[in-house]
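Q:
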Amino acid sequence: MEKPFKILDCTLRDGGYYNDWDFDLELAKEFIASLNTAGVDIVEVGYKSKVKKGFYGSFKYCPEEFLQFLNDYDRMEFAFMVDASEFITPDGLDHESLNSLIKKQEDSVFSWVRIASHLRDVQRSTQLIHYFKEKGYKVCFNLMGGSLLSDDDLVSSIKAINETKLDVFYIADSFGSFYPKDIKHLLRLIKAHFTGQIGIHLHDYANAIVAMEEEVDIIDGTLTGMGRGAGNLRLEQFLLGLKEHYGMTNLVPDALLEVMNEYFLPLKQTYSWGYTYSYMFSGANNIHQMYCQTLKTSNRFTPKQIYSILSNIPDDKRQSYKPQILDDAIHNCLEVTTAPENGEVTPIPLYPMEKSEEVVIIGGGKGSKNYNLFIEHFLSQKHRAVLECNDSGLLAENINRKIVILNKLKLDGYLAKNQKKQHRVITGEQFIENTKPHDNLFHQPYHLGQFELTGKDISIPDYDAGMYAVGLALRMGAKKIFLIGFDGLMDETRNANMDRFFKSVNKYYEQKNEDVQLISLTPTRYKNIIASNIFTYLNEQ
766 MEKPFKILDC TLRDGGYYND WDFDLELAKE FIASLNTAGV DIVEVGYKSK
816 VKKGFYGSFK YCPEEFLQFL NDYDRMEFAF MVDASEFITP DGLDHESLNS
866 LIKKQEDSVF SWVRIASHLR DVQRSTQLIH YFKEKGYKVC FNLMGGSLLS
916 DDDLVSSIKA INETKLDVFY IADSFGSFYP KDIKHLLRLI KAHFTGQIGI
966 HLHDYANAIV AMEEEVDIID GTLTGMGRGA GNLRLEQFLL GLKEHYGMTN
1016 LVPDALLEVM NEYFLPLKQT YSWGYTYSYM FSGANNIHQM YCQTLKTSNR
1066 FTPKQIYSIL SNIPDDKRQS YKPQILDDAI HNCLEVTTAP ENGEVTPIPL
1116 YPMEKSEEVV IIGGGKGSKN YNLFIEHFLS QKHRAVLECN DSGLLAENIN
1166 RKIVILNKLK LDGYLAKNQK KQHRVITGEQ FIENTKPHDN LFHQPYHLGQ
1216 FELTGKDISI PDYDAGMYAV GLALRMGAKK IFLIGFDGLM DETRNANMDR
1266 FFKSVNKYYE QKNEDVQLIS LTPTRYKNII ASNIFTYLNE Q
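Quick note: the sequence shown uses the numbering used here, first residue 766, plus one each step.
#1: Per DSSP, what are the beta-bridge partners of Tyr-812 in this structure?
#2: Please state if the CB of His-1188 and the CB of Asn-1205 are separated by a distance shorter than 8 Å.
#3: For my contact list, Leu-1171 and Ala-1261 are in at a C-beta cut-off of 8 Å; report their separation, rounded to the angstrom.
#4: With Ser-922 and Asp-938 assumed to form a contact (beta carbons below 8 Å), what rounded beta-carbon distance in angstroms separates them?
#5: Tell whether a beta-carbon distance below 8 Å holds between Gly-1006 and Tyr-970.
#6: Could you check what DSSP says for Ala-1296 in three-state terms: helix, strand or coil?
#7: I'd like the span of the alpha helix (DSSP H) that includes Leu-1176, first residue to last.
#8: What do you get for Ala-1181, buried or exposed, if any count of 16 or more other CB atoms within 10 angstroms of its CB means buried?
#9: Specify whether the segment 1071 to 1082 and the segment 894 to 912 touch according to this definition: at least 3 beta carbon pairs, one from each stretch, less than 8 Å apart.
#10: Taking Cβ positions, are Phe-824 and Leu-777 nearer each other than 8 Å?
#11: Please report the straight-line C-alpha distance between Arg-712 and Ile-880, rounded to a whole angstrom.
#12: Just curious, the alpha helix (DSSP H) that Phe-1003 is in, first and last residue?
#13: Based on Cα-Cα distance, which residue from Leu-773, Ser-850, His-895 and Phe-843 lies nearest to Lys-930?
#14: What does the alpha-carbon distance come out to for the pair Lys-1221 and Arg-1240?
#15: Assuming Gly-1231 is part of the alpha helix (DSSP H), what are its boundary residues?
#16: Assign Gly-992 to one of two classes, buried (16 or more other C-beta atoms within 10 Å of its C-beta) or exposed (fewer than that).
#17: State the Cα-Cα distance for the pair Phe-906 and Glu-978, rounded to the nearest angstrom.
#18: Kindly give me the distance between the Cβ atoms of Phe-1196 and Thr-1111, rounded to whole angstroms, as I take these residues to be in contact under 8 Å.
#19: Taking the alpha helix (DSSP H) that Ser-1037 belongs to, which residues open and close that run?
#20: If Leu-952 sits next to Val-981, beta carbons under 8 Å apart, how far is it from one beta carbon to the other, in whole angstroms?
#21: If we ignore side chains and look at the alpha-carbon of each, how far apart do Pro-1057 and Gln-1146 end up?
#22: Which of the three DSSP states, helix, strand or coil, is assigned to Tyr-1211?
#23: Can you find at least 3 beta carbon pairs, one from the segment 1116 to 1127 and one from the segment 1150 to 1158, that sit closer than 8 Å?
#24: Determine whether the beta carbon atoms of Ile-1113 and Phe-1207 lie at a separation below 8 Å.
#25: If you count every other CB in all the chains shown that lies within 10 Å of the CB of His-1010, and 16 or more means buried, which is it?
#26: What does DSSP give as the partner residues of Thr-854 in its beta bridges?
#27: Buried or exposed for Phe-1029, going by 16 or more other Cβ atoms inside 10 Å?
#28: Thinking Ala-849 and Asp-886 are a contact (beta carbons under 8 Å), I'd like their distance in whole angstroms, please.
#29: Which value, in whole angstroms, describes the spacing of the CA atoms of Asn-1298 and Glu-1109?
#30: Grouping DSSP H, G and I as helix and E and B as strand, with all else coil, what is Thr-1103?
#31: Just confirm the distance between the C-beta atoms of Asp-985 and Leu-773, as a whole number of angstroms; I'd bet it's less than 8 Å.
#32: Measuring only the C-alpha atoms, how far is Ala-957 from Tyr-1036?
#33: How do the segment 1012 to 1027 and the segment 811 to 823 stand: do at least 3 beta-carbon pairs fall below 8 Å, yes or no?
#34: Can the beta-carbon of Met-909 be found closer than 8 Å to that of Ser-942?
#35: Ordered along the chain, which non-local residues of its own chain (more than five positions away) have a Cβ less than 7 Å from that of His-1053?
#36: Could you pull the start and end residues of the alpha helix (DSSP H) that Lys-924 belongs to?
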């Protein structure tokens, strides 16, 4: 049986939300070759975007001089996506940016373009459709947020699009909330008003089968389901089902196994896309997938905390992702820590605060591993209190320090691995399960808010072990805080919270007329701290 529809793979485009589109080019070549053997028809290679602040990999921009190998494939076709809002201005299209990025189709490795648009941009997106048709491309219009659309919204969008020469109208289950009955209803509604081809972006096998039975023209998938939120339709599963159950013997799903096992499954271990209770809750409630993804990939929250935080996002703020909304929800949920209702816990004793004018804080930055020998020498030459965030792995076991762990997820992991209990642990958690006694475990109160030290409490602006450790050091009376492994990220916007925290600490002590120094001894991208180096202090007595 020949399949009566096309399969589009968008792994390198949709999966890029996890690794900033920084896929190795040689891996991409191997992957695309396997897609060709497997029987995929169209590969969406990535975005064509304006240059963004911070670092993004090449598949955010799809520079064609590096993609000429795509010309080696005669059977498959290649696509890129554009975000409509990026090129639509109040005065019309941003022709200058478009012309700098987009070649005529006859000179390009791509034959397809997908225009991703929200409902608010549909009318103006018709100009983009005209633009790409004039350039010679086959054009898909991808209407996002399908579960938020009423029937009238969908019909009015189609009517606007019908004034163009659009090739494919796409509907996207952006939040992963569709059921098979929804797919059937939507596709029949689209067919009643649009005479061209129809494509669909889904998240699970059952919905894909319904779409196939409704005679859709293009179905999306990604290898291992890599993509935002709960992930996408798993390409390998879909191809295998089509071959084994529907007799589509021209498909070769096992061609994907090698690249899947060697590269994509390890990535999945790192980023944890795919079904979880939290992602299903997000989908069922039309919560933008970046809220859940940000919480999960930070590795700072338990599943119960993630559920609680997502539930705290106001109904009218759920459909578009805003970091401040997420921060507010985190603060509301984690402001007060109470004992679990089942009572099977033991209070953690208060930490008997010591005094130290110089404190070293070890962060988790990988750049510091280049300085291990110098760091150990620095720590041995003069008495300084040492606080290590989340058992960074940077220090040898015999180096005396306190392990600082703010959240329960990492605390449970540390206690499970460290039965010897050699080092004292200071945590923000107030209780421990009775099944996990630990004589060296202590509690230091904190709450989320503007930085300050009041009574025995520490107020910090974010749920971050590094901030908590700085607060502890200041509570110990530190006048010099040496930071090691506080690398920061290349994207300045993702450093903003920590930068503001350091600034608030400096201002807090300036107002008190006290001299407190935050000194980074290893390379850092953070602002508002003194950028020094460890060699300056190696021979200090």
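Cβ coordinates follow ideal geometry from the N, Cα and C atoms, glycine included.
A: From the atom records:
#1: Met-846
#2: Yes, they are a contact pair.
#3: About 19 Å separates the two Cβ atoms, so there is no contact after all.
#4: That belief does not hold up - the Cβ atoms of Ser-922 and Asp-938 are roughly 16 Å apart, past 8 Å.
#5: yes
#6: strand
#7: 1173 to 1182
#8: exposed
#9: no
#10: yes
#11: Any question about residue 712 goes unanswered here, given that the chain covers just 766 to 1306.
#12: 1000 to 1009
#13: His-895
#14: 8 Å
#15: 1230 to 1240
#16: buried
#17: 22 Å
#18: 7 Å
#19: Careful: Ser-1037 lies outside any alpha helix (DSSP H) and carries neither H nor E.
#20: 6 Å
#21: It should be pointed out that residue 1057 corresponds to Cys in this sequence rather than to Pro. Distance between the alpha carbons of Cys-1057 and Gln-1146: 45 Å.
#22: strand
#23: yes
#24: With contacts defined by Cβ atoms closer than 8 Å, Ile-1113 and Phe-1207 form a contacting pair.
#25: exposed
#26: According to DSSP, Thr-854 bridges with Gly-857.
#27: If you draw a 10 Å sphere on the C-beta of Phe-1029, you find 16 or more other C-beta atoms in it, and that means buried.
#28: Contact flag correct, Cβ pair sits at about 5 Å.
#29: 47 Å
#30: Residue placement at Thr-1103 cannot be trusted, given a pLDDT of 49 that sits under 50; what the coordinates show is reported in the next sentence. Taken through DSSP and simplified to helix, strand or coil, Thr-1103 comes out as coil.
#31: 5 Å
#32: Answer to the nearest angstrom: the Cα atoms are 40 Å apart.
#33: Inter-segment contact for the segment 1012 to 1027 and the segment 811 to 823 is absent: fewer than three beta-carbon pairs are separated by less than 8 Å.
#34: Not in contact: Met-909 and Ser-942 (Cβ atoms no closer than 8 Å).
#35: Arg-1083, Gln-1084, Ser-1085 and Tyr-1086
#36: It spans 916 to 926 - the alpha helix (DSSP H) in which Lys-924 sits, taken as one unbroken run.
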